[in-house]
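Just add 96 to the spot in the sequence shown (first one is 1) and you have my numbering.
Since the structure comes first, as structure tokens, the remarks are kept for the end.
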Amino acid sequence: MASITYFKRDEINKSNPVFSQVRTTIETVFYGNNVMEVNSLREAYNLAKNSPGTIVTDLPVYKPEEIGLDKDAKILLFNDGAVTGRCAAARRIIGEVGVDTSYYAEIIRDAAYKTRYRKLYHAQAIVGLHEDFMIKAHLLIPEGHENILYNWLLNFQYINEEYMKMYENSKVYEKEGDIYIFSDPDWEHENHPLGLAIFDPEHNCACILGMKYFGEHKKGTLTLAWGIANRNGFASCHGGLKRYNFKDGRKYTIGVFGLSGSGKSTITHEKHGGKYDITILHDDAYIISTEDKSSIALEPSYFDKTQDYPLASEANKYLITVQNCGATLDENGKIVIVTEDLRNGNGRAIKSKLWADNRVDKIEESVDAIIWLMKDPALPPVLKINSPILAATMGATLATKRTNAERLVEGVDRDRLVIEPYANPFRTYPLKDDYYKFKELFEKGKVDCYVFNTGFFIDKKIPKEVTLNSLEKIINGKAIFKPLGNMKNIQYLPIEGFEVEIDEKYIAILNNSIDYRIGFLEKMKEEKAGRDRLPEESLECLYDIKNQIGFATIKG
């Protein structure tokens, strides 16, 4: 079995690296006499269906028996209150500088104590869909939050006979305990008005308090799984991955990395009008082996925005549950959903694995290209980066903008350019781990690197059609790139309507963009006692660009 659930008695001691104060505190709650085991997806569906406030729509789940539900299963709608997004400001990582383990362990003990008069549900799932990486995960959550539990089992792989057999035959990770997550969405604390998400990533456990949004539980579980993957020879990826299969036998695999709203799901699921045979791994969470460069999906289903899908959209056929959307009656008096973010921002749904009829759980071939999706107005729609160091550095300084998928603290400007390294705000390990792994892919794996700007170039919006047309040129080998001024390792794709004029005004804009990245990397030397400091080569390559920009006086 992949991760450790059971221990020999002589292994249960404080010298065992699987145990810690926080992990022991969290796992202990799972064994209370007020805990009820939820052993099947059907059981979780019935609990969610009958949970107060659930809206049982008249929309049927598509082919429910193929995903573990009864044939009469309906799409369930459940809405949270004011909060409809994740809150990074509420995360605390045990082991980081300034995080007092004793203080947070005390909070968890008290939160656990206050659940003793409530029924708690314990569910188990598997993260990772191939025998090379499968980790067992446990969720404990109080009665009244059955929809979170049901969504969690849908999002990850609920345990059935097929996957239990796979898990038993999966690669063993001897030093990794199962993932344990204890959640109490009703928790309140005057010192933590946004809630609190406490992670002990070295010991594969978390406590999520005062947070009702399902995305906290999804990404919280992935946070721990990505940490396990990082320790065991994988690059952890928050993005999408797809393979183009050509008639002549050629294959071309791309990985796209971006925050919510950057276009990663759009690009991953794009079928290009049926022009290509496409295989999809996943649009949000996967890992790449640093040994053989193969990729493994971590989740079977999709947690997708509903803003682009009106009720009559074909994509809604694959919905299983819906969160934070409206409801109304159709012409036949049937209860249906109201999407397009009419009720609030960041409406969400879990779509079944059947949405992608060309879905696989592992791609054996190495990725051919990695695309960093940014929203930096200094960048043309498409860049090609020809240096492994610069390619890894551009990923580490991925510049974008926040979306309504995130709950921001008061005073933070959602439209301000921010840097989110490798589009992964869920990293709990040093940034250099990702840097070296991606650099190795670009260097030894001979992976191409592109930057797609999916926001504005200067002040002109880049439509998705431009992005997709450019992608087609790349995969067909028809993209002809030109040098960006005098820069040695950066080229751009000429696109009508987005001409690049290397004049003084543009040089100033580009300089500011590079300075912003330099400032970020300099800041990383000091923050968290330098835990996320990158090697000097990453700063040097940015200073080289600045020097080259200074001599760029031609029109491109």
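From the three backbone atoms N, C-alpha and C, an ideal C-beta is built for every residue, glycine too.
As the structure is a computational prediction, the values presented were derived from the model and not from experiment.
Same chain, Cβ closer than 6 Å to residue i, neighbours up to 5 away in sequence not counted
{"i": "F577", "result": "K480, Q587, L589"}
{"i": "I77", "result": "Shown here, the chain extends from 97 to 652; a query on residue 77 therefore has no answer."}
{"i": "I151", "result": "L173, A423"}
{"i": "A474", "result": "I605, L606, S609"}
{"i": "N440", "result": "T180, N420"}
{"i": "M230", "result": "A98, I222, G224, Y263, S266"}
{"i": "Y531", "result": "A488, A492, L630"}
Cα-Cα separation between residue i and residue j, rounded to whole angstroms
{"i": "T563", "j": "S356", "result": "17 Å"}
{"i": "K215", "j": "G615", "result": "50 Å"}
{"i": "D166", "j": "T493", "result": "47 Å"}
{"i": "D544", "j": "D464", "result": "6 Å"}
{"i": "N643", "j": "W322", "result": "37 Å"}
{"i": "D196", "j": "G181", "result": "26 Å"}
{"i": "G177", "j": "A169", "result": "26 Å"}
{"i": "L133", "j": "C301", "result": "With the sequence shown as reference, residue 133 is identified as Glu, and Leu is not the correct amino acid for it. One C-alpha to the other measures close to 19 Å."}
{"i": "A208", "j": "K261", "result": "33 Å"}
{"i": "F353", "j": "T364", "result": "10 Å"}
{"i": "P148", "j": "A233", "result": "26 Å"}
{"i": "I431", "j": "K413", "result": "15 Å"}
{"i": "D400", "j": "I277", "result": "23 Å"}
{"i": "D457", "j": "H226", "result": "7 Å"}
{"i": "S198", "j": "F115", "result": "15 Å"}
{"i": "Y433", "j": "T496", "result": "The sequence shown places Ile at residue 433, rather than the Tyr named in the question. Straight-line Cα distance between these residues: approximately 31 Å."}
{"i": "S279", "j": "E258", "result": "28 Å"}
{"i": "W283", "j": "D611", "result": "42 Å"}
{"i": "G345", "j": "Y254", "result": "35 Å"}
{"i": "R119", "j": "H299", "result": "6 Å"}
{"i": "N582", "j": "I645", "result": "7 Å"}
{"i": "L249", "j": "L155", "result": "20 Å"}
{"i": "N442", "j": "Y309", "result": "11 Å"}
{"i": "G128", "j": "S136", "result": "20 Å"}
{"i": "S358", "j": "I603", "result": "25 Å"}
{"i": "A184", "j": "P521", "result": "8 Å"}
{"i": "F95", "j": "Y382", "result": "Nothing about residue 95 can be reported from this structure: the residues present for the chain run from 97 to 652 only."}
{"i": "I591", "j": "I554", "result": "14 Å"}
{"i": "Y398", "j": "E636", "result": "39 Å"}
8 Å Cβ shell around residue i - same chain, five flanking residues per side excluded
{"i": "H368", "result": "I374, L564, E568"}
{"i": "I558", "result": "P477, N549, T550, G551, F552, F594"}
{"i": "N130", "result": "T211, R212, Y213, R214, K215, L216"}
{"i": "V193", "result": "K624, A625, R627"}
{"i": "S66", "result": "It is not possible to answer for residue 66, since the shown part of the chain is limited to 97 through 652."}
Where the alpha helix (DSSP H) through residue i begins and ends
{"i": "S332", "result": "Element bounds for S332: not the alpha helix (DSSP H) but the beta strand (DSSP E), 330 to 341."}
{"i": "W468", "result": "Taken as a continuous stretch (DSSP letters only), W468 belongs to no alpha helix (DSSP H), being part of the beta strand (DSSP E) at 465 to 470."}
{"i": "H655", "result": "The shown model of the chain, from 97 to 652, leaves out residue 655, and the question about it has no answer."}
{"i": "T435", "result": "T435 -> no alpha helix (DSSP H), and no H or E assigned at all."}
{"i": "A625", "result": "No alpha helix (DSSP H) contains A625, which DSSP labels as neither H nor E."}
{"i": "R444", "result": "Here R444 belongs to no alpha helix (DSSP H); instead the beta strand (DSSP E) covers 444 to 447."}
{"i": "L479", "result": "Unbroken run through L479 is the beta strand (DSSP E), 478 to 481; no alpha helix (DSSP H)."}
{"i": "A208", "result": "197 to 209"}
Proximity test, residue i beta-carbon vs the ligand SAM heavy atom, cut-off 7 Å
{"i": "G336", "result": "Within the structure as shown, the ligand SAM is missing, as the structure has no ligands at all."}
Residues near residue i by beta carbon distance below 7 Å, same chain, minus five either side
{"i": "T524", "result": "I189, F295, P297, T319, G323"}
{"i": "T362", "result": "K560"}
{"i": "Y158", "result": "K413, Y414, S448, L450"}
{"i": "Y405", "result": "A411, N412, T435"}
{"i": "Y141", "result": "L165, A169, Y246"}
{"i": "P484", "result": "K535, F538, E539"}
{"i": "I171", "result": "T153, L155, V157, L415, I416, T417, V418"}
Delimiting residues of the beta strand (DSSP E) encompassing residue i
{"i": "A219", "result": "216 to 226"}
{"i": "P484", "result": "First-last for P484: 484 to 492, but that is the alpha helix (DSSP H), not the beta strand (DSSP E)."}
{"i": "Q587", "result": "586 to 588"}
{"i": "T654", "result": "The requested residue 654 is not part of the displayed model; the chain covers only 97 to 652."}
{"i": "A140", "result": "A140 -> not in any beta strand (DSSP E); alpha helix (DSSP H) instead, spanning 137 to 145."}
{"i": "L245", "result": "No beta strand (DSSP E) contains L245, which is instead part of the alpha helix (DSSP H) from 242 to 251."}
{"i": "T424", "result": "422 to 425"}
{"i": "K232", "result": "229 to 238"}
{"i": "V131", "result": "131 to 133"}
Item checked: Three or more C-beta pairs below 8 Å linking the region 332 to 340 and the region 259 to 276 -> no
Notebook entry, point to check: Is the region 227 to 242 touching the region 203 to 217, taking contact as three or more C-beta pairs under 8 Å?
Noted result: yes
Item checked: Three-pair Cβ contact test at 8 Å for the region 528 to 546 versus the region 384 to 396 -> yes
Margin query: So, does the region 453 to 468 touch the region 597 to 617, judging by three or more C-beta pairs under 8 Å?
Written below: no
Checklist line | Complete runs of the alpha helix (DSSP H) confined to the region 550 to 580 [at least 4 residues] | finding: 560 to 571
Check: Curious, which full-length beta strand (DSSP E) runs of at least 3 residues does the region 264 to 300 contain?
Finding: 275 to 280, 292 to 296
Next item on the list: Would you check if there are 3 or more beta carbon pairs closer than 8 Å linking the region 403 to 418 to the region 376 to 383?
Entry: no
Notebook entry, point to check: If you scan the region 157 to 192 from start to end, which runs of the beta strand (DSSP E) of 3 or more residues do you find wholly inside it?
Noted result: 170 to 174, 187 to 189
Next item on the list: Go through the region 331 to 399 residue by residue and report every complete run of the alpha helix (DSSP H) that reaches 4 residues or more, in order.
Entry: 360 to 365
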